[in-house]
Amino acid sequence: MKRDTVTATPADAATIERLETALGAGHSAAPAAGLTAAELTPVGVGAMADTFKVRLQWDHPGAGPACLILKQPAVDGTAATTAASLGAYEREARFYSELAPRTQVRAPRLYGVIDRAGAGAPDTVLLEDLTARHRPGDQLREMPIEELDRARHQLALLQAPFWENSATAELPWLHRRLGVPIPGILERMERSWHSVTDTIAADLPADERKCIDRFVGSAADWAQLNPGPQTLVHHDLRADNLLFGEGEIVLIDWQTIGWGSAMFDFAYLIGTSLEVGTRRRHEAELLRRHVAELQELGVDWTESEAQDIYRWAACAVLMMLVPPISSVKSNPRMVTMFRRMLSLGARQALDAGSLDLLDSRL
Numbered sequence: 001m002k003r004d005t006v007t008a009t010p011a012d013a014a015t016i017e018r019l020e021t022a023l024g025a026g027h028s029a030a031p032a033a034g035l036t037a038a039e040l041t042p043v044g045v046g047a048m049a050d051t052f053k054v055r056l057q058w059d060h061p062g063a064g065p066a067c068l069i070l071k072q073p074a075v076d077g078t079a080a081t082t083a084a085s086l087g088a089y090e091r092e093a094r095f096y097s098e099l100a101p102r103t104q105v106r107a108p109r110l111y112g113v114i115d116r117a118g119a120g121a122p123d124t125v126l127l128e129d130l131t132a133r134h135r136p137g138d139q140l141r142e143m144p145i146e147e148l149d150r151a152r153h154q155l156a157l158l159q160a161p162f163w164e165n166s167a168t169a170e171l172p173w174l175h176r177r178l179g180v181p182i183p184g185i186l187e188r189m190e191r192s193w194h195s196v197t198d199t200i201a202a203d204l205p206a207d208e209r210k211c212i213d214r215f216v217g218s219a220a221d222w223a224q225l226n227p228g229p230q231t232l233v234h235h236d237l238r239a240d241n242l243l244f245g246e247g248e249i250v251l252i253d254w255q256t257i258g259w260g261s262a263m264f265d266f267a268y269l270i271g272t273s274l275e276v277g278t279r280r281r282h283e284a285e286l287l288r289r290h291v292a293e294l295q296e297l298g299v300d301w302t303e304s305e306a307q308d309i310y311r312w313a314a315c316a317v318l319m320m321l322v323p324p325i326s327s328v329k330s331n332p333r334m335v336t337m338f339r340r341m342l343s344l345g346a347r348q349a350l351d352a353g354s355l356d357l358l359d360s361r362l
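All residue numbers for the sequence shown refer to full-length UniProt numbering, where the first residue is 1 and numbers rise by one.
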């Protein structure tokens with residue numbers, strides 16, 4: 001998430017009323033507290049949502065939070081339609097209210113939710129403001145190994161409480177990208193990939209383009225394999241969705257929280273965070289540490305099992321990045337980010353022999 005310095009905009013009466021109601025219902029404001037004013041300042045550019053820092057004035061000092069983060073459906077119509085069709089807005093709200101309290105993973109505190117569209121389900125979240133004490137990650141730069149390992153630790157904290165938990169697996173609102181048929185995925189993958197033939201794809205080395213070409217044709221089969229133990233999957237665990245503070249890392253952007261293979265997030269995190277040479281030097285040790293921490297948290301799993309599933313999961317970057325190329329917000333940073341991550345993801349899949357493994361299992 002990239003911070004912008006822009007002018008704050010006063011909230012209108014309807015927005016103030018919605019904020020007051022949501023904060024009261026979320027027990028984040030004192031009973032009968034009155035919100036008298038609010039100012040909204042954009043703080044980032046997301047692919048499917050718009051995020052604002054909101055300064056609040058109450059009728060009594062301390063009656064509610066002085067500042068919060070509001071995340072709502074994107075004004076960009078194409079991006080919002082894509083996110084809504086995937087259930088992304090409701091899913092994020094439900095994660096914060098229903099699942100986050102059951103894990104020790106560090107995520108922003110939830111202050112309240114709003115049904116902005118009036119569709120009978122929350123689509124806007126009001127969150128703890130961490131901007132003063134935390135910096136956003138930068139997807140265009142390599143993440144230091146020490147920070148990556150702390151992010152990986154947060155992943156272990158997310159996964160362990162829900163490991164092979166059948167009740168969680170049955171939650172209907174969780175994102176289903178793995179282990180199920182994905183209607184129209186081949187057509188969507190091909191359309192998105194072909195749409196960047198003369199732009200993003202043109203700058204990739206020939207073997208990386210060939211790898212992505214090959215994966216696009218096999219993506220549906222790859223997703224349905226979904227091997228290994230199942231648990232919660234963030235589905236977009238990367239630098240732009242992390243906040244870095246003194247002694248802690250905070251995981252944000254839970255619109256794609258779902259259910260699937262335990263190695264998906266691990267592979268996606270290291271594949272999008274490290275340059276190729278750094279990843280090759282450290283991925284085996286990072287995997288060993290991850291399994292060891294899961295074992296300490298009560299998970300019954302072995303390093304050899306994780307290594308086998310990692311070969312499959314090394315295509316996670318391609319699975320996440322190819323479909324949205326043609327539908328997300330388009331700006332220079334987004335184009336550069338997609339180009340970099342697709343290159344890293346293709347090289348990760350090539351190094352792991354993921355597509356050869358896929359061929360052998362079909």
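Cβ atoms here follow ideal geometry from the backbone N, Cα and C, with glycine treated the same way.
Local conformation of residue i per DSSP, three classes
i, result
"residue 175", "strand"
"residue 75", "coil"
"residue 136", "strand"
"residue 105", "coil"
"residue 206", "helix"
"residue 180", "coil"
"residue 42", "strand"
"residue 9", "strand"
"residue 350", "helix"
"residue 29", "coil"
"residue 143", "coil"
"residue 48", "coil"
"residue 164", "coil"
"residue 235", "coil"
"residue 358", "helix"
"residue 322", "coil"
"residue 220", "helix"
"residue 92", "helix"
"residue 267", "helix"
"residue 291", "helix"
"residue 315", "coil"
Strand pairing of residue i, partner residues [DSSP]
i, result
"residue 69", "53, 127"
"residue 261", "230"
"residue 242", "251"
"residue 185", "In the DSSP output, where bridge partners are listed per residue, residue 185 has none listed."
"residue 299", "None, per the DSSP bridge assignment."
"residue 157", "The partner list for residue 157 (beta bridge, DSSP) is empty, contrary to what the question assumes."
"residue 58", "35"
"residue 113", "125"
Cα-Cα separation between residue i and residue j, rounded to whole angstroms
i, j, result
"residue 157", "residue 224", "26 Å"
"residue 106", "residue 148", "15 Å"
"residue 293", "residue 345", "25 Å"
"residue 52", "residue 28", "18 Å"
"residue 60", "residue 26", "18 Å"
"residue 319", "residue 7", "38 Å"
"residue 108", "residue 360", "42 Å"
"residue 212", "residue 175", "24 Å"
"residue 303", "residue 15", "51 Å"
"residue 206", "residue 355", "16 Å"
"residue 284", "residue 326", "34 Å"
"residue 186", "residue 322", "11 Å"
"residue 89", "residue 172", "14 Å"
"residue 230", "residue 286", "20 Å"
"residue 70", "residue 353", "42 Å"
"residue 332", "residue 198", "15 Å"
"residue 155", "residue 265", "8 Å"
"residue 201", "residue 50", "28 Å"
"residue 1", "residue 183", "Below a pLDDT of 50, predicted positions are generally treated as unreliable, and residue 1, at 43, falls in that range; no measurement from the model is reported."
"residue 226", "residue 180", "9 Å"
Own chain residues within Cβ distance below 7 Å of residue i, not counting five before or after
i, result
"residue 115", "121, 122, 123"
"residue 134", "243, 244, 245, 250"
"residue 18", "114"
"residue 189", "216, 219, 322, 323"
"residue 103", "157, 158, 161"
"residue 248", "106"
"residue 22", "112, 113, 114, 126"
"residue 41", "6, 8, 52, 53"
Integer-rounded CB distance, given that residue j should sit under 8 Å from residue i
i, j, result
"residue 348", "residue 317", "6 Å"
"residue 233", "residue 258", "5 Å"
"residue 99", "residue 64", "With a Cβ gap of about 25 Å, residue 99 and residue 64 do not count as contacting."
"residue 272", "residue 238", "4 Å"
"residue 235", "residue 279", "Not really, about 20 Å apart at Cβ, beyond 8 Å."
"residue 204", "residue 68", "Contact flag wrong, Cβ pair sits at about 41 Å."
Own chain residues within Cβ distance below 6 Å of residue i, not counting five before or after
i, result
"residue 222", "315, 358"
"residue 241", "252, 253"
"residue 168", "162"
Residues near residue i in its chain [Cβ-Cβ closer than 8 Å; skip 5 each side]
i, result
"residue 39", "8, 9, 10, 11, 54, 55"
"residue 335", "199, 200"
"residue 192", "322, 323, 324, 325, 326, 327"
heavy atom of the ligand HEM below 6 Å from residue i C-beta
i, result
"residue 309", "The model on display carries no ligand, and the ligand HEM is accordingly not part of it."
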